Each structure stands twice: as C-alpha cells, then as structure tokens.
Amino acid sequence: MKNGLTLFLGVFATLALSWAGVLLTAQRQFGGLAQYKDPADESLNPAALSGIADQGRMVYQDLGCVSCHTQQVRREGFGADIGRGWGTRQSVARDYLREKTVLIGQARLGPDLRNAAARPYADAEYFYNLLYAPQSVAPGTNMPSYDFLFDVRPASDQPSPHALRLTGRFAPAPGTQIVPSRRADELVAYLLSLKDTYDYPEARPFVEPKQKEGGH
Amino acid sequence: MNSPDNNRLEQQEIDASAKWPVLTFLGSALCWLVLGGALQLGAALQLHTPAFLGGCEWFTYGRLAPAAQNALVYGWGMNAAFGFGLWLMARLSASALRHGGWLFVAAQFWNLGITLGVLGILTGASTSFELLELPRFVTVLLLVAYALIGLWAVSTFCLRNTEHVYVSQWYLFGAAFWFPWLYTVAQVMLFQAPVRGALQPLVNAWYVNGLYGLWFVPVALAAAYYFLPKILGRPLNYFYLPAAGFWCLVVATAFSGGSRLIGGPVPSWVATLGTVANFVAVPAVVMISMTLFGTLAGRYAALKESITLRFVFLGLLGFVAASLLNFALSLRSVAVLLQFTLVGELRDWLLFYGCFSTMMFGAAYFIVPRLTGRAWRSGALVRAHCGATALGLVVLTVTLLAAGWQQGKLLNDPAVPFADLTKAMLPWFTARSVALMLLAVGHLAFFVNFCWSVCPFGSAAEAPAEFHLPPAMSLPAKEGHA
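Chains as they are written, first to last, in the numbering used here: chain A, 3 to 218; chain B, 98 to 579.
Structure representation (structure tokens):
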C-alpha cells in the first residue's frame with residue numbers, strides 16, 4: 003500500500019459503513035418506537051416515570067449502580083433470569099422508552115433490577131433498609147452501605163414518621179434516629195418504579211404462547 | 098537508501114524533535130497508570146471487604162470502579178498511545194515532529210480534562226455509560242486536545258519523506274482517524290441529541306467495541322509490527338498477509354459491537370451481525386499472528402536480550418487470547434453462561450491490559466533511552482516490572498476465567514440463592530485483588546525507574562545490560578528509513 007489516498011478511503015469507508023449499517027439502520031428500525039396504546043382501556047404503555055422517580059434515576063446514575071446491576075431480563079430458556087424471578091417475560095425495546103438514560107448494564111455482581119419493584123417482598127421499607135444496611139435485609143450480600151444517603155438525627159419525643167425501623171445490631175445508637183435524605187427518597191421512588199408488567203404483543207413468546215404464571 | 102551513518106543522524110534529529118512532547122505524554126501516562134491501578138485495587142478490595150472506604154460517598158464502589166477504569170483507559174492508555182504513536186509516526190515517516198510546543202499544550206488540555214472528569218465521576222457527575230462516564234463538561238477539552246494530537250499525527254504522515262508506507266503506519270493512521278469519529282458519534286447520539294430507549298445501549302456498545310478494537314488494538318499492533326522486525330533485524334515474513342490481515346481485522350471489528358448485546362432488548366439482527374463479524378475476524382487474527390509469530394520463529398532466544406521484545410511477546414499472547422475470548426463470547430451458547438460474569442470483564446481487560454498496555458510498556462522501554470540518550474537507571478526495577486506484569490496477568494486471567502465460569506453456572510441455576518453465589522465468589526475476589534496488587538507493584542517499579550531515568554541529575558546509568566543494540570540495529574532497517 004503505497005498510496006495514502008487508498009488508505010484514507012478505506013479507513014473512512016470502514017467506519018462510515020459500520021456507523022450507517024449498525025447505528026443508523028437500528029435508528030430507522032426502532033428509533034421511532036412509541037408507547038403502546040392498550041386497545042381495551044386506551045392507556046399508554048410504558049407509562050412515563052413520575053418526577054421523583056426520574057430524579058431517582060439520576061441518583062442511580064450518579065452512584066454507579068450499573069456497575070453491579072443489570073436491567074435486562076433475558077428470554078425464557080436463555081439463562082435463568084425468569085427462573086430467578088427477575089421478571090415474568092423478557093425485556094423488549096419498548097420497555098425502555100420510559101427512561102431518559104437507559105442503563106441496561108453488563109455485570110451481574112448483584113441481581114438484575116429491571117423488575118425490582120415486582121418482587122413480593124419489595125416495598126419502600128425494604129429498599130430503605132437495603133440501602134442503609136444491606137446486611138439487615140439481604141444477609142451475606144457484599145453490597146456496600148449507602149448510609150451517606152441518610153441523616154442521623156437526635157431522637158425527639160415525636161420521632162420522624164420516615165425514620166428507619168432497624169433492630170438488633172443495625173439499630174441506630176441510643177438517642178438517635180436514621181432518617182432518609184431527599185436523595186434516598188428519590189432513589190427508592192425510582193426503584194419502586196422498576197416494574198415491566200405490561201404484556202406487549204412483541205414480548206409474548208413466539209414459539210410457546212403458553213402464559214407463565216409468575217416466578218418460582 | 099541512506100548510508101547507515103546518515104540514517105542514524107536522521108533518527109537522532111527526529112528523536113530530538115519528539116523528545117519533550119513524547120516524554121510529556123509518557124510521563125502523564127505513567128502518573129495515571131499508578132493512580133488508576135491504585136483506584137482499581139481499591140475497588141477490587143471493596144468487593145470482598147465492602148466496609149473498605151464504605152462510608153465515603155466519593156469512594157463508593159459504583160463511583161470508584163468507573164473512575165479507575167476511566168483513569169486507566171483515558172489517562173494511561175490514551176496518553177501512552179499518543180506518546181508512542183507520535184514518535185513512531187515521526188520515525189516511520191522520516192519526518193521531524195514540527196512545532197512540538199503545541200503538542201505540549203494538547204497534553205495539558207487532555208490531562209486537565211481527564212483530571213476534572215475523574216473527579217467528576219467521584220463527586221457524582223458520572224453519566225454511567227460505560228467508558229463515557231466522564232461528565233459532559235470535559236468533552237470539549239478532550240476533543241480540542243485530540244484535534245491537535247490527531248492533526249500532528251496525520252500531518253506528520255502526509256509530510257513523510259519515505260516512498261513506502263509501512264504496516265504500522267496503516268494502523269496508526271486508521272486509529273488516529275477512527276477515535277475522534279467514534280467519540281463524537283457517541284457523544285452526539287447519547288448526550289447532544291440522544292437517541293431513545295434501547296438504542297442507547299447499542300450506541301454505547303458500538304463505542305466501547307470501537308474504542309478497544311479500532312483504537313487500542315491498532316496502536317498495539319503498530320508497536321508489534323514495528324518492534325519485532327526492528328529488534329530482530331529481520332523483515333516481515335509474508336508480503337501480502339499484513340495487508341489482508343489489516344483490512345479483514347478492521348472491517349470485522351467495526352461491525353462486531355452488537356455481539357455485546359446478545360439476549361438484550363434489541364432486535365436479534367444486531368447481535369447476529371456482531372457474531373458474524375467476529376467470525377470474520379478469526380482469519381484476520383490468524384493472518385496477523387502468522388506474520389508476527391512467523392517473524393519471531395526461531396529467534397525466541399532474543400527474548401532474553403531485549404526487554405521490549407519480552408513485553409511485545411506478552412502483548413501478542415494477550416492479543417490472541419483476547420481475540421479467542423471475544424470470539425467465544427459472541428457465540429450464544431457461551432454468552433448465555435458467561436455474558437454478565439467476570440469473564441465479560443476479562444474480555445476487555447485482556448485487550449486493554451494484556452495486549453495494549455504490555456505493548457506500550459515494551460515501547461516505552463525502547464523509546465525513553467533514545468529520547469534521553471541514557472539507559473534505564475535500574476535493571477532490577479525493569480525486571481521487577483516485567484516479572485510482576487507477567488505473573489499478574491496470568492493470575493488475573495486464570496482467576497477471572499475460573500470465577501466467571503462458576504459465577505455463570507450459579508447464576509443460571511435458579512435454585513441457588515444470590516447470597517450463596519456471593520459467598521462462592523469471595524475467594525475469587527480476593528485472588529483478583531492479589532493479582533491487581535502484583536500489577537500495581539509493577540506499575541510502581543516502572544514509574545520510579547522512569548522518573549529516575551528521565552531526571553537529568555545524578556550519576557551515570559547503571560543498567561546497560563537491559564539496553565544494548567543487537568548488531569542488526571546499526572544497519573538501516575529493511576522496511577525503510579526508520
């Protein structure tokens with residue numbers, strides 16, 4: 003190859019074709035995907051995130067939760083995602099229209115969170131406790147504590163209704179109470195919004211149309 | 098063809114013109130290597146000792162791990178690639194680096210951008226997109242810095258005084274051109290005019306794949322194609338294979354990004370195209386390996402004499418291993434088991450550290466004495482670096498492979514509670530920390546030796562044993578002026 007021009011054109015074409023062939027084609031195919039209107043009750047799915055949950059998404063982003071948690075459920079028969087109760091169906095592209103930044107993740111040092119709020123034990127108290135003292139609700143986990151999202155306040159005659167109810171070795175020091183900060187509230191609101199339950203036509207299994215009844 | 102004396106003189110002029118810009122880039126790269134390695138070790142420790150730095154928001158795992166990765170990739174990796182790439186481009190183009198002061202400015206901008214960016218991640222401004230975590234406000238700094246560096250590389254190439262364009266120059270030229278394009282497209286499609294929904298992970302995967310495959314791998318291969326014939330004093334064995342290997346590799350790599358999304362919420366053609374592209378990359382890897390290992394064949398004794406060759410050899414092994422792993426992970430039957438495990442981390446890490454970083458270590462051991470005119474001060478530190486790197490690489494690779502395999506098996510067994518899985522992983526996490534500690538020792542040895550050798554004061558060098566010219570190097574190399 004003596005000719006610099008040939009090299010330049012080849013180098014140019016390589017990435018231009020890749021960009022057009024992968025990204026632009028995908029954008030054309032599903033970049034314009036819209037919410038699905040339910041034929042029965044005319045609701046739009048997925049519903050948009052509430053304001054506080056959307057702020058929680060930014061807390062999720064700034065704390066780097068994606069370093070350990072994926073948000074994608076693989077289809078039945080491809081891994082044990084559904085068997086583990088991480089979802090009742092595979093995640094599809096339309097599910098992600100609700101988030102402004104889509105962090106599907108690529109490491110499962112912790113469990114998948116795409117349907118974190120759909121688990122039977124998952125309520126606000128569970129997530130607050132998990133964030134403050136992970137061992138208190140998930141013994142054996144190596145998740146770090148996010149105690150900096152909580153304020154330690156002196157216990158008064160009228161304790162805060164939001165104060166965490168922790169017992170045993172996780173209980174706050176005598177005379178103090180643990181109250182979630184605004185960011186903790188936002189993050190928990192986001193976690194509580196993680197629930198892809200709507201059954202889109204494209205999410206139904208192609209070969210086996212048999213309905214799955216929940217996790218194990 | 099120049100006479101040997103003229104050739105030497107010309108090389109000295111080129112090296113003199115490149116001295117300060119290249120030393121600046123390599124010096125900053127080394128600072129980031131030590132810092133990034135330390136942050137990476139800190140993050141690794143947290144996986145088995147969650148209380149380590151636990152109460153500190155800045156150093157929570159979700160921030161520390163990406164900060165370490167960005168410090169290593171953009172701080173160490175890019176700076177090293179800039180220093181090495183500019184030097185090699187000048188050498189192979191037989192053309193001095195003109196107006197090097199601007200490169201100095203570019204280096205300051207780049208390092209300022211990375212410093213602000215890493216601090217931004219630690220303080221909570223991360224975007225959480227892999228390898229694009231640096232907050233948006235540093236993008237302009239980085240692009241301005243890169244514009245200067247890329248312009249210098251390309252203009253040095255265009256002003257070349259040689260007839261022939263050598264293989265290493267293809268790779269360097271391509272990389273210089275691809276990186277800004279990949280980076281700009283990712284920035285625009287994710288932040289300026291963001292695409293919606295599941296397209297975002299696709300853009301991210303395309304960028305990450307491109308950054309590793311179309312920037313770090315080409316720079317690493319440019320080093321291998323240069324140093325092997327150069328130090329062995331023997332031309333490349335095959336004439337057409339390098340060209341075929343080059344085009345096959347870069348075209349395949351450009352299309353293989355989708356294979357990272359197997360099983361993900363994107364249309365299946367995305368992943369299938371990536372898998373097909375990874376199949377196409379196999380002959381490329383075979384051709385490149387045949388050329389490079391063919392040049393080395395029968396000369397393995399030379400590995401004892403040259404520290405650069407030892408690192409380049411290590412880097413070649415890393416390249417082959419990383420390519421094999423990448424190929425394996427793009428098969429659905431393997432991905433279903435290993436996709437989200439530590440093996441996924443190993444794939445990128447082998448390319449970046451096992452292949453690229455080791456090549457850059459070798460290159461630095463070759464370049465720095467020629468720029469400063471002095472040998473490395475301490476032979477013991479050189480040997481310590483090489484030993485720690487080789488050992489650390491082996492331990493880490495074996496650990497992550499075994500750990501990822503077990504992790505995948507347990508993840509895919511719904512009867513195993515997650516707490517048991519974490520418990521089973523703890524010994525592996527500890528082994529990983531030990532390996533990273535080994536690598537950090539190597540980084541420190543390299544850093545100390547570099548500072549000591551570049552420092553203009555003090556006694557004469559004491560490590561001539563690690564730096565002597567094989568007889569063939571005093572002759573004009575067969576591929577041209579350089």
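By construction, the Cβ of each residue, glycine as well, lies at the ideal position given by its N, Cα and C atoms. Model, not experiment: these values are computed from the prediction.
Cβ neighbours of TYR462/B within its own chain (closer than 6 Å, five residues either side excluded): ILE404 and THR405. Each residue's CA atom was taken as its position, placing VAL202/B and LEU123/B some 15 Å apart. Judged by DSSP secondary structure, VAL379/B falls within the alpha helix (DSSP H) whose first and last residues are 365-393.
No Cβ-Cβ contact shorter than 8 Å links GLN57/A with PRO48/A.
Residue burial is scored here from C-beta neighbours: GLU78/A has at least 16 other C-beta atoms within 10 angstroms and is therefore classed as buried.
Counted as a single uninterrupted DSSP element, the stretch harbouring PHE152/A is not any alpha helix (DSSP H) but the beta strand (DSSP E) occupying residues 152-156. Closest in C-alpha terms to LEU213/B, from the list SER530/B, ASN167/B and LEU248/B, comes ASN167/B.
The beta carbon of LEU142/B sits closer than 6 Å to those of PHE149 and SER530, all from its chain and outside the five residues before and after it, given in chain order.
With respect to the C-alpha of GLY6/A, the residue from TRP267/B, PHE554/B, LEU411/B and SER353/B having the closest C-alpha is TRP267/B.
Contact with chain A is found for LYS520/B, since one of that chain's Cβ atoms lies less than 8 Å from the residue's Cβ. Spatial neighbours of PRO174/A in its own chain (CB-CB distance under 6 Å, excluding positions within 5 residues in sequence) are listed in chain order as ILE180. Annotated as proximal: SER93/A and VAL75/A, with beta-carbon spacing under 8 Å.
Per DSSP, reduced to three states, the secondary structure at THR146/B is coil, with no helix or strand assignment. One finds ASP64 in chain A with Cβ atoms closer than 9 Å to the Cβ of ALA222/B, taken in chain order. Cβ atoms of LEU168/A and SER138/A come within 8 Å of each other, at about 6 Å.
Taking a contact to require three or more Cβ pairs closer than 8 Å, the segment 59-75 of chain A and the segment 190-204 of chain A qualify as touching. For GLY85/A, a Cβ of chain B is located within less than 8 Å of the residue's own Cβ. Using a Cβ-Cβ cut-off of 8 Å, PRO113/A counts as an interface residue toward chain B, since at least one Cβ of chain B sits closer than that to its own. With three or more CB-CB distances shorter than 8 Å, the segment 60-69 of chain A counts as touching the segment 96-115 of chain A. Per the DSSP secondary-structure output, PRO182/A pairs in a beta bridge with PHE152/A. In the three-state reduction of the DSSP assignment, ASN208/B falls in the helix class.
When 9 Å is used as the limit between beta carbons, PHE150/A is near these residues of chain B: GLY152, CYS153, GLU154 and THR157, in chain order. PHE453/B counts as buried, since at least 16 other C-beta atoms from the protein chains shown sit within 10 angstroms of its C-beta.
Under DSSP, LEU105/A forms no beta bridge with any residue. Per the coordinates, the alpha-carbon of LEU127/B lies some 43 Å from the alpha-carbon of ASP510/B. Contact check between the segment 386-399 of chain B and the segment 127-134 of chain A: fewer than three CB pairs, one atom from each, fall below 8 Å, which does not count as touching. Scanning THR350/B, LYS520/B and VAL465/B for the CA closest to the CA of LEU120/B turns up VAL465/B. Around the Cβ of GLU127/A, a 10 Å sphere holds fewer than 16 other Cβ atoms; the residue is exposed. DSSP places MET175/B outside any alpha helix (DSSP H), giving it a letter other than H or E. VAL170/B: not part of any alpha helix (DSSP H); DSSP gives it neither H nor E.
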